[in-house]
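For the protein sequence lines, the chains are A and B, in the order given. Read the first sequence against my numbering and you will find it ends at 255, with the numbers running on by one and no gaps. Read the second sequence against my numbering and you will find it ends at 1245, with the numbers running on by one and no gaps. Note that the Cβ used here is the ideal one computed from N, Cα and C, for glycine as well.
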Amino acid sequence: MIEVKDLHKSFGDAHILKGISTTFDKGKTNLIIGQSGSGKTVFLKCLLGLFDYEKGSIAYDGKIFSKLSRDEKTELRSEIGMVFQGSALFDSMTIAENVMFPLQMFTKQSKSEMEDRADFVLKRVNLPDAHKKMPSEASGGMQKRVAIARAIVNNPKYLFCDEPNSGLDPRTSIVIDNLIQEITDEYQITTVINSHDMNSVMEIGEKIVFLKDGHKEWEGSKDTIFRTDNEAVTSFVYSSELFKKVRKMYLEENQ
Amino acid sequence: MKYLHNIGTYFIMIKDMFRRPTKWSVLKTLILKDIDDLIIGSLGIVAFIGFFVGGVVAIQTSLNISNPLIPKYLVGFATRQSIILEFAPTFISIIMAGKVGSFITSSIGTMRVTEQIDALEVMGINAINYLVFPKFIALTLYPFVISIAMFLGILGGLAACVYGGYGTLEDYVVGIQNDFIPFHMAYAFIKTMVFAFILATIPSFYGYFMKGGALEVGKASTTSFVWTSVVIILLNFLLTSLLLG
């Protein structure tokens, strides 16, 4: 579980995060949603320790990140998997080398053990024959799956995904969403996804945190989001006619 | 203020380059790859430029000696001195600031733009050590490149002098042996080592701390070349004043 308390972050005079408090539960897909400029990416980067923050605390299973020593932070980071928006695969390495990279850096496994593990996770993300390809030879969907494989290869306790569906077609997006949810459930990972894809919200949003102008506007799940009358949430989530109809049908069916 | 901030950040980067080292098994591969990219990959252009500039120095020297009292072996002497003292260590380093420096800035800058550096940091890897330290180690072989430039420069001078009819082989060989001061070699290699450090770190700084997209990678490469050249020229002046002045 990740617990965030009263998080504040500024860049110069711009106050980006204005006292966010929330928890991200273990074994659940936790979504951070909000309009562009609402502070989602800054929030995620604070969670990952890529940005320092002025006030507040972030605790990973009770361990407050800012109070950890450098070695403890390094150890904690080895328990974190991250799927970046652009996949962030190392373009000088093959797909198998990309997946084995965290094992090379943080374990004392032999080469054959690492190859076996890479083979296992690549099969898990449905890429059994992609080992020798370079990232540039893989499609966007394949790159995302390789990024997921790299993120989970070291059995992380926490998985972060920054807009995992950006640039993907709807069918591939569903595959990626389902894969993340299955992995979260299977390995009981605390998964935090930064997204503005409403399909993801409806499909896998077991916990949803809605940010607006740097503060937490609303918190709920894919079920409660249909019933909320928070105007900021409804105007963002149900901005398309399709989702308005979906919501209407849901409310009619569940009256 | 911006310049002071950049200078401070540069020195913090140098400090971080030696902290929390990457695992040797990984580092070894990175160093070998950087030796291939930065050293082996530069030999061709260095050899080509060294040979022909050496030839030009010999021809220019010969053409500018009109006084019959000046001995003909001066062509070899002047070529050797020009090549060893300035052309090989300094001029080649400025060319390398363009070739190697741009490569370093653009490759690290692209990693920044595509979030590969963020990926390293999230994993708890010291990205500065992982990216910059292997380049620094690879460039400790830079004196090898400069030695080749020296040798081929003097050889190019010989070829131009003898085959161009500007002097005899005997005169040229006497010239390159005449009044040789071994400390000049030490001076040249001290400069070379300092320039190697500059070539590894300033382009890395501009790549690592760049912000923006593809356009900014190009701008960072240009800025990196300008500042690497400026620092090399200033340090050349300083080291020459200290060591030979």
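Is residue i close to chain B? Criterion is C-beta to C-beta, closer than 8 Å.
i	result
K73/A	yes
M202/A	no
A118/A	no
G167/A	no
I80/A	yes
A232/A	no
G86/A	yes
R77/A	yes
F51/A	no
V236/A	The amino acid at residue 236/A is misidentified as Val; the sequence shows Phe. So no, F236/A is outside the interface.
M134/A	no
Q104/A	yes
L31/A	no
F226/A	no
Going by C-alpha to C-alpha distance, which of the options sits closest to residue i?
i	options	result
V153/A	K132/A, G140/A, M114/A	M114/A
I16/A	E3/A, N165/A, H8/A	H8/A
S38/A	K18/A, E97/A, A88/A, R77/A	K18/A
L1030/B	F1048/B, F1136/B, V1056/B, G1041/B	F1136/B
F1087/B	L1131/B, I1146/B, G1165/B	I1146/B
L1239/B	G1175/B, H1184/B, L1169/B	H1184/B
Y1010/B	L1043/B, F1197/B, G1212/B	F1197/B
S173/A	T184/A, L159/A, E203/A	E203/A
K123/A	D71/A, S112/A, V146/A	V146/A
S87/A	P1089/B, I1148/B, E1170/B, L1120/B	L1120/B
I1190/B	A1047/B, F1048/B, N1129/B, F1144/B	F1144/B
T1223/B	I1104/B, I1148/B, E1115/B	I1104/B
F101/A	G1124/B, E1216/B, I1108/B	G1124/B
I1045/B	P1134/B, S1066/B, G1109/B, V1100/B	V1100/B
I33/A	L242/A, I180/A, L168/A, D213/A	D213/A
E231/A	R117/A, W218/A, L127/A, E241/A	W218/A
A1097/B	T1228/B, S1042/B, D1037/B, L1244/B	T1228/B
F106/A	R150/A, T234/A, V246/A, V4/A	R150/A
K40/A	F160/A, Q104/A, P128/A	F160/A
So, is residue i buried or exposed, given that buried needs 16 or more other C-beta atoms within 10 angstroms?
i	result
M1001/B	exposed
Y1003/B	exposed
H196/A	buried
R1112/B	buried
M1150/B	buried
R1019/B	exposed
A130/A	buried
K1023/B	exposed
A1214/B	exposed
V1230/B	exposed
L1152/B	buried
Y1208/B	buried
F11/A	exposed
K28/A	buried
P1203/B	buried
Q255/A	exposed
Mind checking if residue i is an interface residue toward chain A, Cβ cutoff 8 Å exclusive?
i	result
E1216/B	no
M1271/B	The structure shown does not extend to residue 1271/B, since chain B is modelled only from 1001 through 1245, so no value can be given for it.
D1036/B	no
T1114/B	yes
K1023/B	yes
V1132/B	no
V1016/B	The residue you asked about is not Val; residue 1016/B is Asp in the sequence shown. No, its Cβ sits nowhere closer than 8 Å to a Cβ of chain A.
D1251/B	Residue 1251/B falls outside the range modelled here, since chain B spans only 1001 to 1245, and no answer is possible.
V1026/B	yes
Which residues in the same chain as residue i place their Cβ atom closer than 7 Å to its Cβ, once the five residues preceding and following it in sequence are excluded?
i	result
F51/A	K9, V42, K45
D26/A	The sequence shown places Lys at residue 26/A, rather than the Asp named in the question. Cβ within range, chain order: M1, Q188, T190.
F1052/B	G1156
I1154/B	G1054, T1079, R1080, I1083, I1176
K55/A	D6, H8
Y60/A	I2, L76, Y158
F1205/B	Y1010, M1013
Looking only at its chain, what residues have a beta carbon closer than 8 Å to the beta carbon of residue i, apart from the 5 residues adjacent to it on each side?
i	result
I1035/B	A1138, L1141
V1174/B	Y1073, G1076
E163/A	Q85, N194, S195, H196, D197
Q143/A	S87, L89, P135
Leaving aside the five residues before and after residue i along the sequence, list all residues of the same chain whose C-beta is less than 6 Å from its C-beta, in chain order.
i	result
A1160/B	G1055, A1058, I1059
F24/A	I2, N30, T190, V192
I80/A	P156, Y158
**Request:** Give, in chain order, every unbroken run of the alpha helix (DSSP H) that is at least 4 residues long and sits entirely within the stretch 1147-1209 of chain B.
**Result:** 1169-1177, 1182-1208
**Message:** Could you tell me which whole beta strand (DSSP E) segments of length 3 or greater appear in the stretch 102-175 of chain A?
**Reply:** 158-162
**Request:** Jot down the residue ranges of each uninterrupted beta strand (DSSP E) in the stretch 192-234 of chain A, minimum 3 residues, whole runs only, in chain order.
**Result:** The stretch 192-234 of chain A contains these whole beta strand (DSSP E) runs: 207-212, 215-220.
**beta strand (DSSP E) runs wholly inside the stretch 65-100 of chain A, at least 3 long, in chain order** = 80-83
**Prompt:** Where are the alpha helix (DSSP H) runs, 4 residues long or more, that stay fully inside the stretch 1100-1127 of chain B, in chain order?
**Reply:** 1116-1122
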